[in-house]
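When we follow my numbering, the leftmost residue of the sequence shown carries the number 68, and every step to the right adds one. Single-structure report; data block below.
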Amino acid sequence: MSSSSNPQNSAKKTEKSPAGTSPHATLRRTTLIVVPICVVLALFGWLQMRDLDNGIIETYARQQDSYVGIVLNEIGLDTDRSTDEVISDILGTLHNSSGSYWAFSRGQTMLYVKDVVETNRYKDVSADTYFDSADAEDFLKSLEEGQIVHQRILLGNEDYLASGTLFDYDGSEYRLCLLTNVSALLGNNDYQGAHARMGTLWACGIVLFCTGMMVTADSVDRRRRECDSERAKVALLSEKLALQAERDRRMDLYSAREGAWDTRLVVRFAKKLRARGVEEGAVLRVGCTTLEEALELLERCNQFFGNDVLRFHDAGDCEVTLLCAHETPDGAADAVKPLLQGNAQIIAAESLDGYLANADESGRYSNDGE
C-alpha cells in the first residue's frame, strides 16, 4: 500500500545530507584553509631561519672588518720596510684555516693567498682572474681607501664572506682582503644543533596545528553525521507515529468488539453500494430501550447475518442501523424481526435511494434534530 511506503521514502530523503554538503564537507573546507596556512607558516619559518643566518653572518662580518682594520694598522706602522718583508712578517704570521684566509694584491698582481704554498700557485695570476665571479669583481671595484667594506661573493662555486680595503703603501695601491667560507662559518656544531632544533620545533608546531585542525574538522563532520542520523530516525519515527495515528483514527470508526461501524459511515457505504451497481438495498433503523438491548442485537446480527448486512452503531447509543444489500426494505425488515427482543423495534426501513435522499452526511435523518 502507498501509505506504508511513505515513511520509508521520507526517511531516505531525510538521511541525505542537506544540499551543498557532504559527509566530509567540514574536513574538505578545513583542508583548503589549513594547507595554505601551513605553507605560509613553513615559508615564514624558512624566512626567519634565513634572517637568523644572515644576522649571524652580518655580525661576523663586522668583526671581520675590525680584524682587517687591525691588520691594516699594523701594516701602516711598518713604513720603513719593504713590501716583501711586510708580507712575510705580518701576513705570514696570521692564522689561516680551511674556513678563512687572507688575500693580498697590488694592482692586478696577487702577492699573497692563504699561505706560501697557495701564494706560489697564484703568483703569476692576476687579481681579476682569481676573483673570477661577477660579484667578486664588483667587490674589488667597491674597495676604497680609508674604508673597510664586506660582501658575500662566489669563488670557485663556494660562498664566501669577504672583507677588504684599499690602501696606499710606499707609493703603490694595495688591496687587503679577508675571506671566510660561509658554510664553515655556519657549520659550528652548537649552532647547527640549535638551528636543527629550532627547525624541528617549528615543523612539529606546523604538523600539530595541521593535525589538530584536521582531527577537529573530522570530529565536527562525525558529529554532524550522527545528528543527521538521529534526525532521520526521529523523522522516520514521526512518520510511523503519524501513520499509526491515522490508522487508529480510522479504526475508531469500527468496533471490533461490537462488530459494527460508526453510524457516520452509513451514507458513505450506501453511496459505494449504489456506485457499484447494487440495484436493491435497504437501510433499517432499530431502536432499543437500553444499551444492553442494542449490544445483544448486534451480537445476534453477527451470528445470523453474513457480509451482505453491515452493522452500524455509535458507542453509548441505543439505536442500531443495518445496511442490507440485495434486499428490499420489507424483506430486510422480515429478516430482522425474529432477532428483536424486549422493547426493540424497527424505527424505519427504507431503500438505498430513499435513505440517501433523507439522511445527511453524518448518517442521521435531516429531520432528527428538529
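Note that CB positions come from ideal geometry on N, CA and C, so glycine has one too. The structure presented is a predicted model; accordingly, all values stated were derived computationally and were not measured.
Of the residues the options, the one placed nearest residue i, counting alpha carbons only
{"i": "Leu246", "options": "Ala261, Leu228, Tyr258, Phe379", "result": "Leu228"}
{"i": "Asn248", "options": "Val138, Ala302, Lys181", "result": "Lys181"}
{"i": "Ser172", "options": "Thr283, Leu207, Gly143, Met116", "result": "Leu207"}
{"i": "Glu347", "options": "Cys105, Val135, Gly398", "result": "Gly398"}
{"i": "Ile215", "options": "Leu243, Thr196, Glu225", "result": "Leu243"}
{"i": "Phe372", "options": "Asp132, Ala411, Leu406", "result": "Leu406"}
{"i": "Ala349", "options": "Gly254, Asp237, Ala392", "result": "Ala392"}
{"i": "Thr93", "options": "Arg331, Asn374, Asp120, Met281", "result": "Met281"}
{"i": "Asp237", "options": "Glu293, Lys300, Ile142", "result": "Ile142"}
{"i": "Phe198", "options": "Asn187, Leu221, His217", "result": "Leu221"}
{"i": "Cys368", "options": "Ala400, Ser230, Arg343", "result": "Ala400"}
{"i": "Trp328", "options": "Arg292, Arg343, Asp381, Glu297", "result": "Asp381"}
{"i": "Leu365", "options": "Arg343, Gln408, Leu340", "result": "Gln408"}
{"i": "His262", "options": "Gln218, Arg219, Asn374, Asn121", "result": "Asn121"}
{"i": "Thr126", "options": "Gln218, Gly223, Arg291", "result": "Gln218"}
{"i": "Val135", "options": "Gly223, Gly231, Val333", "result": "Gly231"}
Cα-Cα separation, residue i to residue j
{"i": "Gly272", "j": "Ile137", "result": "46 Å"}
{"i": "Val345", "j": "Phe336", "result": "12 Å"}
{"i": "Tyr422", "j": "Glu306", "result": "39 Å"}
{"i": "Glu359", "j": "Asp420", "result": "31 Å"}
{"i": "Gly326", "j": "Phe379", "result": "8 Å"}
{"i": "Ser89", "j": "Leu108", "result": "29 Å"}
{"i": "Ala323", "j": "Leu389", "result": "The predicted model places Ala323 with a pLDDT of 49, which falls under 50 and marks its position as unreliable, so this point remains unresolved."}
{"i": "Thr356", "j": "Ala302", "result": "50 Å"}
{"i": "Leu210", "j": "Leu252", "result": "23 Å"}
{"i": "Gln311", "j": "Cys385", "result": "30 Å"}
{"i": "Thr395", "j": "Lys404", "result": "14 Å"}
{"i": "Lys80", "j": "Ala402", "result": "With a pLDDT of 46 at Lys80, under the threshold of 50, the predicted position of this residue should be treated as unreliable, and no value is reported."}
{"i": "Ala426", "j": "Leu304", "result": "41 Å"}
{"i": "Tyr258", "j": "Arg264", "result": "10 Å"}
{"i": "Glu212", "j": "Glu185", "result": "26 Å"}
{"i": "Leu377", "j": "Val387", "result": "11 Å"}
{"i": "Asp195", "j": "Gln131", "result": "23 Å"}
{"i": "Glu363", "j": "Glu417", "result": "23 Å"}
{"i": "Ala424", "j": "Asp295", "result": "55 Å"}
{"i": "Arg289", "j": "His91", "result": "8 Å"}
{"i": "Gly383", "j": "Arg331", "result": "14 Å"}
{"i": "Glu225", "j": "Leu139", "result": "26 Å"}
{"i": "Ala361", "j": "Gly354", "result": "8 Å"}
{"i": "Ala299", "j": "Glu313", "result": "21 Å"}
{"i": "Tyr179", "j": "Gly260", "result": "36 Å"}
{"i": "Gln175", "j": "Leu110", "result": "44 Å"}
{"i": "Ser193", "j": "Trp169", "result": "16 Å"}
{"i": "Gln412", "j": "Leu351", "result": "10 Å"}
{"i": "Arg129", "j": "Gly112", "result": "26 Å"}
{"i": "Ala342", "j": "Asn374", "result": "18 Å"}
{"i": "Leu293", "j": "Ser250", "result": "It is Glu, not Leu, that sits at residue 293 in the sequence shown. Computed Cα separation, rounded: 57 Å."}
{"i": "Asn255", "j": "Arg188", "result": "30 Å"}
{"i": "Ser133", "j": "Tyr241", "result": "18 Å"}
{"i": "Cys105", "j": "Leu308", "result": "51 Å"}
{"i": "Ser167", "j": "Ser239", "result": "26 Å"}
{"i": "Leu340", "j": "Asn410", "result": "31 Å"}
{"i": "Asp235", "j": "Ile123", "result": "32 Å"}
{"i": "Val334", "j": "Ile414", "result": "18 Å"}
Residues that DSSP places opposite residue i in a beta bridge
{"i": "His217", "result": "Ser230"}
{"i": "Ile413", "result": "Val353"}
{"i": "Glu225", "result": "Leu222"}
{"i": "Gly348", "result": "Ala392"}
{"i": "His380", "result": "Val387"}
{"i": "Tyr236", "result": "Ser239"}
{"i": "Ser193", "result": "Thr176"}
{"i": "Ala302", "result": "Ala302 is not bridged to any residue."}
{"i": "Glu212", "result": "Leu233"}
First through last residue of the alpha helix (DSSP H) which encompasses residue i
{"i": "Val334", "result": "333 to 342"}
{"i": "Glu240", "result": "Not the alpha helix (DSSP H): Glu240 falls in the beta strand (DSSP E), residues 239 to 248."}
{"i": "Gly421", "result": "419 to 425"}
{"i": "Gln370", "result": "358 to 371"}
Any non-hydrogen atom of the ligand NAD closer than 7 Å to residue i Cβ
{"i": "His262", "result": "Ligands displayed in this structure: none; no statement on the ligand NAD is therefore possible."}
Residue-level contact to chain C via CB, residue i, 8 Å cutoff
{"i": "Glu386", "result": "As a matter of chain content, chain C is missing from the structure shown, which is built from one protein chain."}
Handout entry: Contact between the stretch 190 to 204 and the stretch 257 to 276 (3+ Cβ pairs under 8 Å)
Key = Contact between the stretch 190 to 204 and the stretch 257 to 276 is absent, because fewer than three Cβ pairs lie under 8 Å.
Problem - the stretch 100 to 113 touching the stretch 276 to 284, judged by at least three CB pairs closer than 8 Å - result: yes
Practice task
Decide if the stretch 114 to 132 is in contact with the stretch 284 to 291; the criterion is three or more beta carbon pairs, one per stretch, under 8 Å apart.
Solution key: no
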